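In order, the protein sequences belong to chains A, B, C and D.
For the first sequence, my numbering assigns the number 1 to the initial residue and increments by one for each residue that follows.
For the second sequence, my numbering assigns the number 1001 to the initial residue and increments by one for each residue that follows.
For the third sequence, my numbering assigns the number 2001 to the initial residue and increments by one for each residue that follows.
For the fourth sequence, my numbering assigns the number 3001 to the initial residue and increments by one for each residue that follows.
Number of protein chains: 4
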Amino acid sequence: MKVAVLGATGYAGCELVRLLHQHPRAEIEYIGSRSHVGTTYHLVHPQFFRAFGLELQPPDLNLIPDPVELVFCALPHGRSADLVPDLLAAGKRVIDLSADFRLRNPALYETWYGRVHPAPDLLSKAIYGLPEVNREVLPGAALVANPGCYPTSVLLALAPLANAGWIDWDSVVIDAKSGVSGAGRSPRQAFHFPECTESVKAYRVGDHQHIPEIEQLLSHLSSEAVTITFTPHLVPMIRGILSTIYLRLRQNCSPGQIDQLYEQFYDGHPFVRLLPPPQLPETRFVRGSNFCDLGWRFDQRTGRLVILSAIDNLVKGAAGQAVQNMNLLFGLPEETGLTQLPLF
Amino acid sequence: MKVAVLGATGYAGCELVRLLHQHPRAEIEYIGSRSHVGTTYHLVHPQFFRAFGLELQPPDLNLIPDPVELVFCALPHGRSADLVPDLLAAGKRVIDLSADFRLRNPALYETWYGRVHPAPDLLSKAIYGLPEVNREVLPGAALVANPGCYPTSVLLALAPLANAGWIDWDSVVIDAKSGVSGAGRSPRQAFHFPECTESVKAYRVGDHQHIPEIEQLLSHLSSEAVTITFTPHLVPMIRGILSTIYLRLRQNCSPGQIDQLYEQFYDGHPFVRLLPPPQLPETRFVRGSNFCDLGWRFDQRTGRLVILSAIDNLVKGAAGQAVQNMNLLFGLPEETGLTQLPLF
Amino acid sequence: MKVAVLGATGYAGCELVRLLHQHPRAEIEYIGSRSHVGTTYHLVHPQFFRAFGLELQPPDLNLIPDPVELVFCALPHGRSADLVPDLLAAGKRVIDLSADFRLRNPALYETWYGRVHPAPDLLSKAIYGLPEVNREVLPGAALVANPGCYPTSVLLALAPLANAGWIDWDSVVIDAKSGVSGAGRSPRQAFHFPECTESVKAYRVGDHQHIPEIEQLLSHLSSEAVTITFTPHLVPMIRGILSTIYLRLRQNCSPGQIDQLYEQFYDGHPFVRLLPPPQLPETRFVRGSNFCDLGWRFDQRTGRLVILSAIDNLVKGAAGQAVQNMNLLFGLPEETGLTQLPLF
Amino acid sequence: MKVAVLGATGYAGCELVRLLHQHPRAEIEYIGSRSHVGTTYHLVHPQFFRAFGLELQPPDLNLIPDPVELVFCALPHGRSADLVPDLLAAGKRVIDLSADFRLRNPALYETWYGRVHPAPDLLSKAIYGLPEVNREVLPGAALVANPGCYPTSVLLALAPLANAGWIDWDSVVIDAKSGVSGAGRSPRQAFHFPECTESVKAYRVGDHQHIPEIEQLLSHLSSEAVTITFTPHLVPMIRGILSTIYLRLRQNCSPGQIDQLYEQFYDGHPFVRLLPPPQLPETRFVRGSNFCDLGWRFDQRTGRLVILSAIDNLVKGAAGQAVQNMNLLFGLPEETGLTQLPLF
């Protein structure tokens, strides 16, 4: 399997290169970047020295070698939408890590991303690449919209309950905490080391662009129009998202029933781990791996279920999930190339 | 004003020494500790070298010099309750930083702290030392129960709304994030550097001992029986608590009405800062200071008010608030000795 | 004493504002900045909210109010040299925190800073503002060249030995470790949080611009032409410099003689602390304070003296030292406004 | 290949389990621990949940299944020496990660470790497991003394020069910086998060127990009695050692000659990377991998060579090197199971 990675120098792109390079079946034939054309990859990311030294090329369809069957687009939002139609027209399959093909409704895209969608026809053709929900339809996809990092952590936590129709949607509050790599690799004041270490803050309260992506799948799973409250926070660590989700159930359930629901839903899904009490998810337990760890507590005093969900935002929240999708596209076992254990 | 500090080597005790040493009116006459008796203070905390070199003594009433009028108890929960009755009987005034005198109902103390209260008579006599609420009654107090760190951050965020009766209590979810110093100075596996840096986790979901303390004051302010959902999280930083509070109001309010409510409530209170939009609280902006920063957003899509509250857990959440209480006890301006600006 | 701060929004400028605002005798009348003209200071640095709200002005001599006697220049290297001559001509005294007036030899400036010095005449008139060495000549200075952060930590460690002529100069190796705030407030790739946390590196090995500054004063103190090896390192923390200095003495000295030399040299200097064994300097013990902590060990096996020196790079390494110099210029006690204890 | 890991719950043991579990040829048959006997491994280290769930047993020879050919001892210093003789007598091969068999001279062991060596006969039989130096003799070893973390970083930096006889030994100064995991997994005051984050310090100046280990191999390689100055430092990060080494060469060498010496020495050694200028080693570039990155600068002004060496202390500095040694013992390609790329 010959693949190309566009946007290879950003954090998601860099993780793609790491995972694909170690993948037993994939071969990276082309790496594209807007900013370092002509540079050897390991000069931008010296951790790859002596391991991976391809030269960076422009993110240009015409330069991608013919044998490349699959293109990973890890370009910024907006850039992908401009490029993907041509990639598809040229017969490439595409896994897009940007947000450009995640929302099926172009009006929502315009509202939350501030731009008219340049290829609205493709929105209904893209498959949302959350394998734990869409594993059956992914193998045939030409275009996979790889989920956002926050949505992955939230949706895996809520999918079983949403699917079962158990959630009182009016009660849902999602408080998410992310490491700084989620903000990308471009230096900015807010992510300058002395400005964000030793501190925690909320940002984009109630208007983060991942909200409609979360609501879209939850609405689909529950067949209801779902609206949720979502607040992202920045935590001084490189990797990891912990989502703390508060909700009430529509009817009383015993702990055993909840456990059983999750166990059945995730039976046969290798990357979702249901932690046995008293253990709760911590982002360090998934660092560098494609796992999503889930745990929950029922607060009897207030009748709320509190669900904790931890992922590595760059792996299960981006590049790892993209590789998982690639495996499904090519009929490989889902775990292929993704068996690295978390790095304490 | 001559004072003693018992439990002077823990983090709260150490902050007390820092603040009292710089206080223009207070003089530390006695420092007590269970673990370093006979040691010069700056050998335990070398940051005090050449500044403060008193010798540590046992936390024993009989050894405290007579001129000491006020004793700060920064001992662990349980130890204070054993000692305070004798201190009061000897005519000392006491500001207790433990949880032992915060709950007025001894049954609640037993439930949440797992111990029969040894001095239940004193519970109704202790004044809860949140000056922004109890400033009027503090000057006459013999025993001040200094609030917990989480409760301080939550109560200052909610007091105006609770007092006004605006909160739909069934809707309240509190998601709090704390630095590691909140766990105290004793080394434990969970707070060993490699185990807690580069990670975030929730703990004691729904059963943290600060819950009844929060509910007690909110119930008092609102004259209703308040129950809240509260989840503390551990964030890899030394100092700081950020509480993100989700709630619905009982009736529609304009942003201006909410602003006005907070402005009126905190008018004349020097340590609560209402940040102007778009600024939201971040723990780094209060680091080392006695400020509590507040900000809020209204999520129109879901009808929830999201309130952010940031304090330094060791200052406004412990030692700084204790000094603020001391100032009130002795009729000094509230800010005396507490004018240090945050240390970026 | 009315003062102005130019370059008030950078890290050194921000610390100047913090310290001067809390100084009992200084009043900040003017704050200049190239980047935020017209903005209220606390909107750039929200930690100052409700404490300091002057409006930022251009760094322009003509706008500085007449009563201002002293101007702190915390502008980037190069900008100061352009501005200072006019400030002096207008009768202002200047404490310059840039490197522009630290080297007395304009040829050295050109070599290490890559620019012909625009005001070479002033170089011999500037007083190097290391009070522990130049306290006697500082009161009369019109222009003070405030030392660099690395030089301060190194020079305070070596001054007593250099002055006594005890150092075998050929043996001196200086290995310094700095927090990230030393790199300034402008975001750059190398200081983007995910790029510098959880890592340590050396940089500018053998060619850092602070080398000639260190050698100049050591040469002056020892009356020899001193050349030293100096390697700076970047450590994932906000504040602090730890310099580890290796050298051989020209003759055998007992530990007592070394102690005595340091004690005599620093007798009456409030900010240098000679830590008693077994304690060695750690940057956390000086955080936020103007202290320089020194300690040493003699490695009998190799005949080397190993000296450790810790400062807060933004305080004793920049703004605190500038305020100390201001106190000397105005005949105030050296510690005025600098008595804040380290913030653990 | 069936193996056992004793001391499996410490950091080195935990890395061994991670690497061996992913090794294509090794099978972990037995995990021993003094502290968690009877517990499932993933309950101690939840990152292994659903991946590795063996039950912890006592570190007792009699319980180790017969088919186990190789035992990794990751027990504390002292414990290994008591156990290893019996393991060898029972026909097991042993890779010992403690310091117990690294020094060939029992008197040195007694001096630096404060204990009479219980099995001095074995010292001369153990092979020092630095494959880049001892690759030829390792395949036949019954007992491998796995090098310390600091020695690995230092020896790989100096071996080519030592071997060539180029070093002026009197000039060697080694300044090493380590992450906190090097101190082990037991919580202690000095490694409590609030005590060691945001700070840097030196420790055990001139008397660290890794000094004789470094000197022993350098003396062997150079056929001279080598004495070096070594100062370890603690840096607030989990993993990584950066050693900065200062020395003078006995004769003038061109940069090309130095490069050539290193290239020849490390030709065919897959884990030592000679970084091309201007790149210098940073610990983040080797994180989680078995690489040792080397770089150097010549300081013409002082005639010193400055060599930088970076490893992950838990991988190349402990568990990874042990697996590399295992591969050599069993005639496998050296990289087997060690091809994981660094985790940014």
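The C-beta atom is built at its ideal place from N, Cα and C for all residues, glycine as well.
It should be emphasised that the depicted structure is a prediction, and the values quoted were computed from it without experimental measurement.
Across the structure, residue 3316 (chain D) and residue 3158 (chain D) are spaced so that their CA atoms are roughly 16 angstroms apart.
DSSP places residue 3162 (chain D) within a helical segment (H, G or I) once states are collapsed to three.
CA-to-CA, the gap between residue 2301 (chain C) and residue 3292 (chain D) works out to about 29 angstroms. Just so you know, the alpha carbons of residue 50 (chain A) and residue 1147 (chain B) end up roughly 57 angstroms apart. Scanning the segment 274–318 of chain A from its first residue to its last, the whole beta strand (DSSP E) runs of 3-plus residues come out as 292–299, 304–311. Of all C-beta pairs linking the segment 1276–1296 of chain B to the segment 1305–1320 of chain B, three or more are shorter than 8 angstroms, placing the two stretches in contact. In this structure, residue 1271 (chain B) and residue 1290 (chain B) form a Cβ contact; the two beta carbons are roughly 5 angstroms apart against a cut-off of 8 angstroms.
Counting the other CB atoms within 10 Å of its CB gives residue 299 (chain A) a total of 16 or more, which places it among the buried residues. Residue 192 (chain A) belongs to the set of residues whose beta carbon lies under 8 angstroms from a beta carbon in chain C. When D:3344, D:3324, D:3342, D:3206 are compared, the shortest CA-CA separation from residue 3336 (chain D) is found for D:3324.
Around residue 172 (chain A), the same chain offers 228, 247 as residues with beta carbons nearer than 6 angstroms, after the five sequence neighbours per side are excluded. Annotated as proximal: residue 1180 (chain B) and residue 3194 (chain D), with beta-carbon spacing under 8 angstroms. For residue 1266 (chain B) against residue 1136 (chain B), the beta-carbon gap comes to about 15 angstroms, at or over 8 angstroms, which does not count as contact. Cβ-Cβ separation between residue 2058 (chain C) and residue 2002 (chain C): approximately 19 angstroms, too far for a contact (criterion under 8 angstroms). Taking a beta-carbon distance threshold of 8 angstroms, residue 3187 (chain D) counts as an interface residue toward chain B.
The beta carbon of residue 2011 (chain C) sits closer than 7 angstroms to those of 2181, 2184, 2185, 2314, all from its chain and outside the five residues before and after it, given in chain order. Think of a sphere of 7 angstroms around the beta carbon of residue 3197 (chain D): the chain B residues whose beta carbon falls inside it are 1193, 1197, 1238, in chain order. A contact between stretches requires three or more CB pairs, one per stretch, nearer than 8 angstroms, and the segment 2094–2101 of chain C meets this requirement with the segment 2140–2155 of chain C.
In the structure shown, residue 266 (chain A) adopts coil according to DSSP, grouped into three states. Excluding residues up to 5 positions away in sequence, 2262, 2263, 2266, 2294 lie with their Cβ nearer than 7 angstroms to the Cβ of residue 2274 (chain C) in the same chain. Residues of the segment 19–32 of chain A with a Cβ closer than 9 angstroms to any Cβ of chain B: none.
Runs of the alpha helix (DSSP H) lying entirely within the segment 2090–2174 of chain C, each at least 4 residues long, are 2106–2113, 2131–2134, 2149–2164 in chain order. Close to chain A, meaning a Cβ-Cβ distance shorter than 7 angstroms, are the following residues of the segment 1293–1327 of chain B: 1297, 1299, 1301, 1302, 1304, 1306, 1308. Between the segment 72–88 of chain A and the segment 97–104 of chain A there are three or more inter-stretch CB-CB distances shorter than 8 angstroms, so the stretches are counted as touching.
Within the segment 81–110 of chain A, no residue has a Cβ lying closer than 9 angstroms to any Cβ of chain D.
Rounded to the nearest angstrom, the gap between the Cα atoms of residue 3197 (chain D) and residue 237 (chain A) is 13 angstroms. Taking a C-beta distance under 8 angstroms as the contact criterion, residue 2028 (chain C) and residue 2054 (chain C) qualify as a contact pair. Using a Cβ-Cβ cut-off of 8 angstroms, residue 2003 (chain C) does not count as an interface residue toward chain A, since no Cβ of chain A sits closer than that to its own.
For residue 288 (chain A), at least one C-beta of chain D is nearer than 8 angstroms to its own C-beta.
Residue 2258 (chain C) and residue 2134 (chain C) have their alpha carbons spaced roughly 22 angstroms apart. Boundaries around residue 29 (chain A) are those of the beta strand (DSSP E), 27–32, since no alpha helix (DSSP H) includes it.
Interface with chain D (8 angstroms Cβ-Cβ cutoff): residue 72 (chain A) is excluded. Of all residues in the segment 1160–1181 of chain B, only 1179, 1180, 1181 come within less than 9 angstroms of chain D when Cβ atoms are compared, listed by chain position. No Cβ-Cβ contact shorter than 8 angstroms links residue 1084 (chain B) with residue 1004 (chain B). With its beta carbon at least 8 angstroms from every one in chain D, residue 2152 (chain C) lies outside the interface.
Neighbours of residue 2246 (chain C) in chain D, taken as residues whose beta carbon is under 7 angstroms from its own, are 3173, 3229 in chain order.
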